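Student:
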Amino acid sequence: MMNDQSKYAPREQPSDPAAGEIPNFLRFASVEDAEGVARLALLNERARAGGWRQALEATYQDAEFVRYVTQLDRAAFLDLLPIDASSEMLEIGPGLGQFTALMARRARSVHALEVVPGQAEFALTRCQQQGLTNVELAVGGDDCRLPYRDQAFDLVVLNLVFEWCGSRLENEPHEVAQKRLLSEMARVLKPGGALYLTTKNRYAMRLLRGGRDEHQFDLRFGSALPRALSARLLRRRGHRRAMGMLYSHDRLAAMLREAGLTTLRSYWAAPEMRYPTHYIATDAQSVRAARAKPGLVQASGRLANWLTSLVPARWVRHVIPGLAFLALKPAAEGAPSARATPTP
Ligand SMILES: C[S@@+](CC[C@H](N)C(=O)[O-])C[C@H]1O[C@@H](n2cnc3c(N)ncnc32)[C@H](O)[C@@H]1O
Numbered sequence: 044m045m046n047d048q049s050k051y052a053p054r055e056q057p058s059d060p061a062a063g064e065i066p067n068f069l070r071f072a073s074v075e076d077a078e079g080v081a082r083l084a085l086l087n088e089r090a091r092a093g094g095w096r097q098a099l100e101a102t103y104q105d106a107e108f109v110r111y112v113t114q115l116d117r118a119a120f121l122d123l124l125p126i127d128a129s130s131e132m133l134e135i136g137p138g139l140g141q142f143t144a145l146m147a148r149r150a151r152s153v154h155a156l157e158v159v160p161g162q163a164e165f166a167l168t169r170c171q172q173q174g175l176t177n178v179e180l181a182v183g184g185d186d187c188r189l190p191y192r193d194q195a196f197d198l199v200v201l202n203l204v205f206e207w208c209g210s211r212l213e214n215e216p217h218e219v220a221q222k223r224l225l226s227e228m229a230r231v232l233k234p235g236g237a238l239y240l241t242t243k244n245r246y247a248m249r250l251l252r253g254g255r256d257e258h259q260f261d262l263r264f265g266s267a268l269p270r271a272l273s274a275r276l277l278r279r280r281g282h283r284r285a286m287g288m289l290y291s292h293d294r295l296a297a298m299l300r301e302a303g304l305t306t307l308r309s310y311w312a313a314p315e316m317r318y319p320t321h322y323i324a325t326d327a328q329s330v331r332a333a334r335a336k337p338g339l340v341q342a343s344g345r346l347a348n349w350l351t352s353l354v355p356a357r358w359v360r361h362v363i364p365g366l367a368f369l370a371l372k373p374a375a376e377g378a379p380s381a382r383a384t385p386t387p
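To convert, take the position in the sequence shown, counting from 1, and add 43; that gives the numbering used here.
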């Protein structure tokens with residue numbers, strides 16, 4: 044591990060960062076169930092003994108899960124980002140490190156903040172076993188605050204974490220916690236730096252058609268319902284509040300702007316954001332151009348694919364499964380303009 048403490052805010056230095064240990068900034072007691080903790084402990088033990096890859100396959104019998112955390116083309120979004128050998132990156136919610144090593148190969152350094160200690164440990168081992176020495180893991184984020192100093196990073200990546208990030212803050216509305224995380228990410232970015240954020244879409248076609256929503260205890264239509272109605276239905280089923288919170292394309296764009304980020308670009312990850320084959324800018328012209336080329340599957344499943352193909356190009360961004368934004372923190376006045384971002 045890099046053992047680079049310089050990115051942490053002085054007030055956030057972990058109390059006793061023993062050499063080689065992952066700094067822990069958690070604010071609340073762990074909420075993981077004992078079975079999950081034990082499984083991660085076994086995974087880490089096996090990874091140390093026989094290598095990360097073999098440990099994953101031995102510990103998780105679920106082939107779909109192993110695919111989710113190993114399939115390289117899930118990281119195709121990295122090609123959209125302004126990363127080069129001088130980039131200092133922050134990844135929030137790396138999970139089992141599915142993208143961390145790939146980022147570290149392209150960047151100068153990667154700091155990653157994961158709320159589950161066993162996952163952070165595995166992500167670090169996975170990077171170390173691939174010979175990467177420019178990665179630093181930390182445990183934290185449960186309060187939707189970042190333990191890093193101001194203007195520390197060129198690029199922050201938050202992939203499929205935003206919808207869940209406030210779930211441990213039982214007494215705070217999700218939106219308050221999510222807005223704080225957006226402000227925190229803006230704070231730790233250097234002027235001219237970029238944020239890449241992917242989350243699910245509140246008005247995804249699947250939910251509009253009555254699909255079950257995992258963020259709302261599998262409620263049909265779930266996040267697509269008016270907030271007051273879904274809250275009422277959840278309460279009737281004995282739930283105090285939703286597990287995660289989704290937004291529409293335009294609402295999320297507004298939240299990013301409120302956090303001080305500008306020059307937003309949004310992308311359609313087709314056919315769906317967990318396993319995308321194409322990233323298409325969501326302006327009508329780019330959508331038309333992508334549809335004109337052969338081979339674009341617009342959504343998973345024949346019916347969803349057909350329905351999506353009927354949606355006018357200028358409206359597609361409102362019903363796609365996931366929202367992917369690249370946003371810039373404005374460069375300081377008088378400073379050279381932000382690095383160009385690659386065009387998709
Ligand atoms: C759905 S997984 C996505 C993992 C990975 N980014 C990907 O796209 O494959 C969400 C991850 O974010 C982590 N997470 C959730 N809330 C977080 C928070 N507030 N701070 C840091 N990590 C968080 C979870 O523990 C989990 O590892």
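Beta carbons: idealized from backbone N, C-alpha and C, even for Gly. Predicted, not measured: the structure shown is a model, and the values here were computed from it.
Please find out if some non-hydrogen atom of ligand 1 comes closer than 6 Å to the beta-carbon of Val158.
Tutor: yes
Student: Can you give, in chain order, each stretch of the beta strand (DSSP E) that sits fully within the region 120 to 188 and has at least 3 residues?
Tutor: 131 to 135, 152 to 157 and 178 to 182
Student: Can you look up Arg308 in the DSSP assignment and give me helix, strand or coil?
Tutor: strand
Student: Hey, how far is the Cα of Ala81 from the Cα of Arg148?
Tutor: 31 Å
Student: Return the chain-ordered ranges of every beta strand (DSSP E) run that is complete within the region 271 to 357 and spans a minimum of 3 residues.
Tutor: 305 to 313 and 321 to 324
Student: Given a cut-off of 7 Å, decide if Tyr239 and Leu369 are closer than it, judged by their beta-carbon atoms.
Tutor: yes
Student: Leaving aside the five residues before and after Ala52 along the sequence, list all residues of the same chain whose C-beta is less than 7 Å from its C-beta, in chain order.
Tutor: Exclusion of the five residues before and after Ala52 leaves Pro190, Tyr191 and Arg192 as the residues of its chain whose Cβ lies within less than 7 Å of its Cβ.
Student: How is Asn214 classed by DSSP in three states: helix, strand or coil?
Tutor: The answer is coil: DSSP assigns Asn214 none of H, G, I, E or B.
Student: Please report the Cβ distance between Thr43 and Ala367, rounded to the nearest whole angstrom; I am assuming they are in contact, meaning their Cβ atoms lie under 8 Å.
Tutor: For residue 43 there is no data in the structure shown, the boundaries of the chain being 44 and 387.
Student: So, is Phe388 buried or exposed, given that buried needs 16 or more other C-beta atoms within 10 angstroms?
Tutor: Any property of residue 388 remains undetermined from this structure, which presents the chain solely from 44 to 387.
Student: Can Leu295 and Ala267 be called in contact, C-beta distance under 7 Å?
Tutor: no
Student: Val219 by DSSP, collapsed to three states: which one?
Tutor: The answer is helix: DSSP assigns Val219 an H, G or I state.
Student: By Cβ distance, which residues of its chain are closer than 6 Å to Thr386, with the 5 residues on each side in sequence left out?
Tutor: Below a pLDDT of 50, predicted positions are generally treated as unreliable, and Thr386, at 42, falls in that range; the measurement from the model is reported next regardless. Excluding sequence neighbours, Thr386 sits near nothing in its chain.
Student: Is any heavy atom in ligand 1 found nearer than 6 Å to the beta carbon of Asn202?
Tutor: yes
Student: Name the DSSP bridge partner or partners of Gly265?
Tutor: In the DSSP output, where bridge partners are listed per residue, Gly265 has none listed.
Student: Drop a sphere of 10 angstroms on the beta-carbon of Asp197, count the other beta-carbons inside from all chains shown, and report buried for 16 or more, exposed for fewer.
Tutor: Here Asp197 is buried. Its C-beta has 16 or more other C-beta atoms within 10 Å.
Student: If we ignore side chains and look at the alpha-carbon of each, how far apart do Phe120 and Glu78 end up?
Tutor: 33 Å
Student: Counting along the chain, where does the beta strand (DSSP E) carrying Thr242 start and finish?
Tutor: Leu232 to Lys243
Student: Verify the contact flag: Gly136, CB atom, against every heavy atom of ligand 2, threshold strictly below 6 Å.
Tutor: For the structure depicted, ligand 2 is absent and the ligand set comprises only ligand 1.
Student: Is the region 291 to 308 in contact with the region 223 to 238, if contact means three or more CB pairs nearer than 8 Å?
Tutor: yes
Student: Give a single yes or no on whether Cys208 has its beta carbon closer than 6 Å to a heavy atom of ligand 1.
Tutor: yes
Student: Can you have a look at Glu164 and say buried or exposed, based on whether 16 or more other CB atoms are within 10 angstroms of its CB?
Tutor: buried
Student: Can you tell which of Ala195, Ala150 and Leu123 has its C-alpha closest to the C-alpha of Val178?
Tutor: Measuring from the Cα of Val178, the nearest candidate turns out to be Ala150.
Student: Quick check: does the Cβ of Gln162 come within less than 6 Å of any heavy atom belonging to ligand 1?
Tutor: yes
Student: Here's the rule I'm using: 16 or more other beta-carbon atoms within 10 Å means buried, otherwise exposed. How should Asp256 be labelled?
Tutor: Result: buried.
Student: Given a cut-off of 7 Å, decide if His361 and His292 are closer than it, judged by their beta-carbon atoms.
Tutor: Contact: yes.
Student: Just to check, is the beta-carbon of Gln114 closer than 6 Å to a non-hydrogen atom of ligand 1?
Tutor: no
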